[in-house]
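Notes follow once the structure below has been shown.
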Amino acid sequence: MDVSYAIDIASREDPHIVTAEKALAGFNIAFLHGAFLVEVMPILKHVPAWMPGARFQKKAKEWKHYAEKCGTNEPSFTSRCLENVDDTGDVALQERLIQGTAANLYAAGFDTTTSALNSLILALLTHPFPRINSFPGLHDETKYPDPFAFKPERWLLPDGKLNPDMKGLTVAFGFVRRLVQSISVYLALPGRHLASTSIWITTAMILNVFKFNHDVDGNIIIPSGQYCPGLIPSPIPFKCQITLQSYAAKTLIQGVLSA
Numbered sequence: 002m003d004v005s006y007a008i009d010i011a012s013r014e015d016p017h018i019v020t021a022e023k024a025l026a027g028f029n030i031a032f033l034h035g036a037f038l039v040e041v042m043p044i045l046k047h048v049p050a051w052m053p054g055a056r057f058q059k060k061a062k063e064w065k066h067y068a069e070k071c072g073t074n075e076p077s078f079t080s081r082c083l084e085n086v087d088d089t090g091d092v093a094l095q096e097r098l099i100q101g102t103a104a105n106l107y108a109a110g111f112d113t114t115t116s117a118l119n120s121l122i123l124a125l126l127t128h129p130f131p132r133i134n135s136f137p138g139l140h141d142e143t144k145y146p147d148p149f150a151f152k153p154e155r156w157l158l159p160d161g162k163l164n165p166d167m168k169g170l171t172v173a174f175g176f177v178r179r180l181v182q183s184i185s186v187y188l189a190l191p192g193r194h195l196a197s198t199s200i201w202i203t204t205a206m207i208l209n210v211f212k213f214n215h216d217v218d219g220n221i222i223i224p225s226g227q228y229c230p231g232l233i234p235s236p237i238p239f240k241c242q243i244t245l246q247s248y249a250a251k252t253l254i255q256g257v258l259s260a
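Here this note's numbering is used: the first residue of the sequence shown is 2, the next is one more, and so on.
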C-alpha cells in the first residue's frame with residue numbers, strides 16, 4: 002500500500018485496509034467458477050436487484066462501492082506515473098493503464114502474500130523441522146556435483162549464460178517434473194522479484210523472532226491443513242500460540258514499535 006499509493010497503514014483496522022480487503026474478497030469470490038448462476042445464464046444480469054434471488058446484483062453493487070473508493074495524493078508510484086503522462090498522446094488510455102497497474106500492484110501482493118505467510122505458519126505447525134528435509138535435496142550430488150564446494154560456475158554454461166538446467170530459487174518449489182508448469186508460470190510473473198524478496202524478508206524476520214506452537218490456552222489444536230477455495234487459496238483460519246524466541250527478540254520488537 003505504501004509503495005503503490007504512499008498510504009501509511011497504522012493497523013489492520015485502517016479504513017484503507019478494510020476497504021481493500023472487502024474489494025479483494027469480492028474479486029476472489031466472483032472469480033470462483035460457478036459462484037453465481039449468472040455465469041451459466043447471462044440473461045440474469047438484467048434481473049432487477051430487488052427481486053428475490055438477485056444476489057449477484059446486490060453483491061456487485063457492494064463490491065463496486067469499495068472498488069471505487071479513492072486514496073491519497075502523496076508521492077507514490079501512482080502519483081509519479083500521473084505526473085509523467087504524455088499530454089501529446091492518448092491521455093485517457095494512459096490514465097486507465099496507470100489505474101489498472103497501480104491496482105494490480107497492490108492486489109497482486111495482498112492476498113497472495115497473506116496466503117503465503119499463513120501457509121508458512123501452517124507449515125511450521127504441521128512440520129516443525131521443514132529445513133531438515135531440504136538439506137539432502139540441496140546437496141544431491143546427482144544435481145549439484147561436489148555440492149560442498151564453492152563453484153559459482155556451476156550455474157553457467159561455457160558461453161557464460163545461465164544454465165537453464167540448474168535450479169535456483171525455484172528449487173524450493175520441488176524436484177519433480179510435475180512442478181515444471183508451476184515454475185514456468187512463476188518465472189513469467191513480472192512482480193516475482195518483489196514478491197520473492199518481500200516474502201523472504203518477512204519469513205526470515207518471523208523465524209528469527211517468533212515461535213509457533215499448537216497449544217492454545219492449554220488445549221492442543223491441530224490445524225486441518227485445508228484451504229479455502231478461490232482465485233488465491235488460503236489456509237482455513239486456525240489457532241496457534243505465538244511466543245517470542247528470546248528476550249533479545251522482545252527488545253527488537255519494542256524498538257521497532259517505539260521507532
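Don't be surprised by glycine CBs; every beta carbon is placed ideally from N, CA and C.
Inter-residue Cα distance where the pair is residue i and residue j
i: residue 225; j: residue 94; result: 47 angstroms
i: residue 14; j: residue 43; result: 37 angstroms
i: residue 233; j: residue 18; result: 18 angstroms
i: residue 173; j: residue 88; result: Legend: pLDDT at residue 173 = 49, less than 50; position of this residue unreliable, no value from coordinates given.
i: residue 62; j: residue 101; result: 20 angstroms
i: residue 98; j: residue 112; result: 22 angstroms
i: residue 178; j: residue 48; result: The predicted model places residue 178 with a pLDDT of 42, which falls under 50 and marks its position as unreliable, so this point remains unresolved.
i: residue 153; j: residue 206; result: 27 angstroms
i: residue 262; j: residue 121; result: With the chain represented from 2 up to 260, any question about residue 262 goes unanswered, as that position is not in the structure.
i: residue 182; j: residue 165; result: Summary for residue 182: the model assigns pLDDT 44, below 50, so the residue's position carries little reliability; its value from the coordinates is reported in the next sentence. Residue 182 and residue 165: Cα-Cα distance of roughly 15 angstroms.
i: residue 92; j: residue 86; result: 7 angstroms
i: residue 156; j: residue 163; result: 6 angstroms
i: residue 138; j: residue 106; result: 34 angstroms
i: residue 217; j: residue 124; result: 17 angstroms
i: residue 81; j: residue 96; result: 12 angstroms
i: residue 240; j: residue 23; result: 23 angstroms
i: residue 144; j: residue 16; result: 50 angstroms
i: residue 141; j: residue 237; result: 35 angstroms
i: residue 231; j: residue 90; result: 39 angstroms
i: residue 119; j: residue 227; result: 12 angstroms
i: residue 1; j: residue 159; result: Coverage of the chain is limited to positions 2 through 260, which leaves residue 1 absent and any answer about it impossible.
i: residue 209; j: residue 249; result: 10 angstroms
i: residue 71; j: residue 83; result: Legend: pLDDT at residue 71 = 46, less than 50; position of this residue unreliable, no value from coordinates given.
i: residue 147; j: residue 161; result: 20 angstroms
i: residue 243; j: residue 129; result: 14 angstroms
i: residue 20; j: residue 60; result: 15 angstroms
i: residue 26; j: residue 256; result: 34 angstroms
i: residue 253; j: residue 151; result: 34 angstroms
i: residue 196; j: residue 229; result: 21 angstroms
i: residue 198; j: residue 204; result: 10 angstroms
i: residue 247; j: residue 149; result: 32 angstroms
i: residue 74; j: residue 219; result: A caution first: residue 74 carries a pLDDT of 44, below 50, which makes its placement in the model unreliable, though a value can still be read off. Cα to Cα, the separation comes out at about 49 angstroms.
Beta-carbon gap between residue i and residue j smaller than 8 angstroms
i: residue 245; j: residue 211; result: yes
i: residue 235; j: residue 115; result: yes
i: residue 78; j: residue 103; result: yes
i: residue 117; j: residue 221; result: no
i: residue 223; j: residue 215; result: yes
i: residue 57; j: residue 126; result: no
First through last residue of the beta strand (DSSP E) which encompasses residue i
i: residue 213; result: 211-214
i: residue 227; result: Premise fails: residue 227 is in no beta strand (DSSP E) and is neither H nor E.
Residues that DSSP places opposite residue i in a beta bridge
i: residue 79; result: Residue 79 pairs with nothing; no bridge assigned.
i: residue 242; result: 214
i: residue 12; result: DSSP lists no partner for residue 12.
i: residue 236; result: 228
i: residue 157; result: 163
i: residue 220; result: 217
Range covered by the alpha helix (DSSP H) that runs through residue i
i: residue 252; result: 248-259
Within-8 angstroms CB hit, residue i to chain D
i: residue 156; result: This model lacks chain D altogether; it includes just one protein chain.
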